[in-house]
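So the structure is just underneath, and the comments pick up after that.
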Amino acid sequence: MSYEGKAAILSEAGKDAEIVDITIDNPGPNEVLVKLVASGVCHTDLTVKVLNGNGMKFPIVLGHEGAGIVEAVGEGVTHLKPGDPVVIAYRAPCEVCPACRRGDPRHCYAALRPGLRIRRKSDGAYCSQVLRCGTFATRTVVHAKAAIKMPEEMPLEKACLIACGVVTGVGATMNTTKVWPGASVAVVGCGGVGLSVIQGAKIAHAKQIIAVDINDTKLQWARDFGATHTVNAREVGGDPVATVRNLVTDQWPGYEGGVDFAFEATGRMACIEQAVRMVNYNGTAVTIGFPASTDEVTLSVGNIDTGVYWNKVNLTVSHCGDALPSTDFPLLAQLYLQGQLDLDRMVTQEIELGDVEAAFHMMEAGNVIRSVIRY
Ligand SMILES: NC(=O)c1ccc[n+]([C@@H]2O[C@H](COP(=O)([O-])OP(=O)(O)OC[C@H]3O[C@@H](n4cnc5c(N)ncnc54)[C@H](O)[C@@H]3O)[C@@H](O)[C@H]2O)c1
Ligand SMILES: [Zn+2]
Ligand SMILES: [Zn+2]
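First residue of the sequence shown? That's 295 in the working numbering, and the numbers climb one at a time after it.
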C-alpha cells in the first residue's frame, strides 16, 4: 500500500519551492509514517534553498520543524502506534557511533534516517528530506526513534517549534553550555533561535540577558521574551562588542569584563567574531548559525583584552542544542504546559503549504519569529 500527499519541494538549483503531489511508500522496518499537523519554517530551510540544496540530491522535500500524528508503523516499532501525537527530531542518536557507545548520545556523530520513501508523483523520482525530516509535506516517513511522543494535551501547532528553533536555543543554554543563575548572557541575532536562547537564559535565571539585533522589532520581541537590555548593532556602527561589554554590571576593578556566555544565532561570520570578543575571562562563545561551506572567521588570539588566548575564550558550536530528543522534547513540552516556556508568541502567523515562499520572504524581511504551516 502507498499513501498520497502534497509537499513543498526544491526540484533543482536556483528554483523556488513548488507544491507537488507525492506518493509515500509504506514505512520500512523501524520507521513511522507521520501525518503532519504543523511545521515551523526555520531559516535553515531557506539556507538549503539559497545554497542550492547544500549538497543534497534533488528533488528535496523542505522542512524539519514538524509535528503530527503517527499514521502507520513499520516492522519492529513497538513504542508508537497509529494515533500517537509526535514531534519529529532531526538528530535522533544512532546508538552505534563512538559517542553513543561511550554513553554520550547528545554528541552522536550521525543521526538515524529513514530509507527513501517519498516519491514525486509526476515522474516517480525519490525525494531527499531536509535533515532527514521533510516536514513541508502532508505526510512524511521518519525513523521511529526520531518520532518523539507528545502529551495528549500538547497543541501540535505549537509543539512543532520544539523540533528545531526552540530546542536549539533553549538547549544551547541547558546542554551545550550550562548557563548558571546570575550569569550574564549576550544573544546576537534574535530570530526564532535567538529568542529561544533568551527564553533558555531566563529559565536558567540569568541575571543579565543582552539581546543584539539589527532590527528594532526583533529587539522589542527580545524584551518581551526576557532580555534585560537590547543593542541595535546598526546604531553602534555594526560592532556591538564595546556596548555589550559596557552593559555588564559584574565588573572587576581594572578589568573591562564581558559576558559569561555569548550566543551567535545569525549565520553571519562577523557575529561569531563579535561573540568571541564579548565574553569575559574564561567565558564561552557559542556559534549556532548555519554557515556556507566557504565561510571563514578570523579571530584575534593575542589581543590583550579580548584575544582568544589572553581572555581564555571557550568557543563551541551548538547543533540542535545538543539535544537528546527523547528526554528534551517532553521536557520542553512540560515547560510549555507549566507556563515557563512561551511557544504561543513564537508563532507570528499560521500559513498554508503554498505560502512557503512568501514565508521565506517575510523571514528575510525580518517580519516574523516563526511562520507555522497548518495542514
Ligand atoms: N546549529 C543549529 O542546530 C541550528 C538550528 C536552527 C537554526 N540554525 C541557524 O541559526 C540561524 C538563526 O536561525 P533563525 O531561524 O533564528 O533565523 P532568523 O532569520 O529568524 O533570525 C536571524 C536573526 O539574525 C538577525 N541578524 C542578521 N544579521 C545580524 C547582525 N549583523 N547582527 C545582529 N543580528 C543580525 C536578524 O535580524 C534576525 O533577527 C540560521 O543561520 C539558521 O540556519 C542552526
Ligand atoms: Zn551515535
Ligand atoms: Zn531549523
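Think of the CB as a built atom: it goes at the ideal place given N, C-alpha and C, for glycine as much as any other residue.
If you run the structure through DSSP and keep just helix, strand and coil, what is residue i?
| i | result |
| --- | --- |
| Glu298 | strand |
| Ile582 | coil |
| Thr511 | helix |
| Phe623 | helix |
| Asp638 | helix |
| His337 | helix |
| Lys329 | strand |
| Arg385 | coil |
| Ser416 | coil |
| Val662 | coil |
| Gln632 | coil |
| Arg433 | strand |
| Ala555 | The sequence given here has Phe at residue 555, not Ala. Looking at Phe555 - three-state DSSP - the assignment turns out to be strand. |
| Gly655 | Contrary to the premise, residue 655 reads as His rather than Gly in this sequence. In this structure, His655 counts as helix in the three-state DSSP scheme. |
| Ala361 | strand |
| Leu618 | coil |
| Gly370 | coil |
| Asp319 | strand |
| Ile492 | helix |
| His523 | strand |
| Gly577 | strand |
I'd like to check one pair, residue j with residue i: are the Cβ atoms closer than 7 Å?
| i | j | result |
| --- | --- | --- |
| Ala579 | Leu609 | yes |
| Cys565 | Cys458 | no |
| Thr432 | Lys300 | yes |
| Ala527 | Ala516 | no |
| Leu637 | Leu455 | yes |
| Ser305 | Met350 | no |
| Ala307 | Asn346 | yes |
| Arg407 | Arg426 | yes |
| Gln502 | Thr522 | yes |
| Leu356 | Ala311 | yes |
| Leu647 | Ala419 | no |
| Gly577 | Asn469 | no |
| His499 | Pro475 | yes |
| Gly428 | Thr467 | no |
| Arg395 | Asp319 | no |
Below 8 Å on the Cβ atoms is my contact criterion, and I expect residue i with residue j to pass it. Report the Cβ-Cβ distance as a whole number of Å.
| i | j | result |
| --- | --- | --- |
| Leu489 | Gly463 | 7 Å |
| Ala438 | Val371 | 4 Å |
| Gly486 | Thr560 | About 12 Å separates the two Cβ atoms, so there is no contact after all. |
| Asn656 | Val662 | The residue you asked about is not Asn; residue 656 is Met in the sequence shown. The Cβ separation is near 5 Å, so the contact holds. |
| Ile582 | Glu558 | 6 Å |
| Leu712 | Met448 | Residue 712 lies beyond the range of the chain shown here (295 to 669); nothing can be said about it. |
| Gly520 | Ile492 | 5 Å |
| Leu593 | Thr434 | With a Cβ gap of about 40 Å, Leu593 and Thr434 do not count as contacting. |
Just to confirm my understanding: we take residue i, look at its own chain, exclude 5 residues before and 5 after, and list those with CB closer than 8 Å. What are they?
| i | result |
| --- | --- |
| Val380 | Val326, Val328, Ala361, Gly362, Ile363, Val364, Leu374, Ala441, Ile442, Lys443, Met444 |
| Gln634 | Ile497 |
| Pro399 | Pro387, Glu389, Ala393, Leu618 |
| Gly377 | Ile363, Val364 |
| Phe584 | His337, Thr338, Thr341, Gly561 |
| Ile598 | Trp604 |
Would residue i be called buried (16 or more neighbouring beta carbons within 10 Å of its own) or exposed?
| i | result |
| --- | --- |
| Ser296 | exposed |
| Gln628 | exposed |
| Asp622 | buried |
| Glu359 | buried |
| Val342 | buried |
| Ile316 | buried |
| Ile354 | buried |
| Lys512 | buried |
| Tyr384 | buried |
| Ala586 | exposed |
| Ala366 | buried |
| Val595 | exposed |
| Gly723 | With the chain running from 295 to 669 in the structure shown, residue 723 is simply not present. |
| Asp339 | buried |
| Arg639 | exposed |
| Ala659 | exposed |
| Ile382 | buried |
| Ser612 | buried |
| Asn540 | exposed |
Residues in the same chain with beta-carbon distance under 6 Å from residue i, minus the five sequence neighbours each way, listed in chain order, please.
| i | result |
| --- | --- |
| Ala556 | Ala480, Ala569, Met572, Val573, Ala579 |
| Glu644 | Val666, Arg668 |
| Gly409 | Gly322 |
| Met563 | Asp589, Val591 |
| Cys402 | Pro387, Cys388, Cys391, Ala393, Cys394 |
Output needed for residue i: all residues of its chain with C-beta closer than 7 Å, excluding positions within five of it in sequence on either side, in chain order.
| i | result |
| --- | --- |
| Glu369 | Pro323 |
| Ile508 | Asn526, Ala527, Arg528 |
| Val553 | Ser478, Val479, Ala480, Ile504, Val538, Val542, Met572, Val573, Asn574, Gly577 |
| Phe352 | Leu304, Ser305, Glu306 |
| Lys606 | Tyr575, Asn576 |
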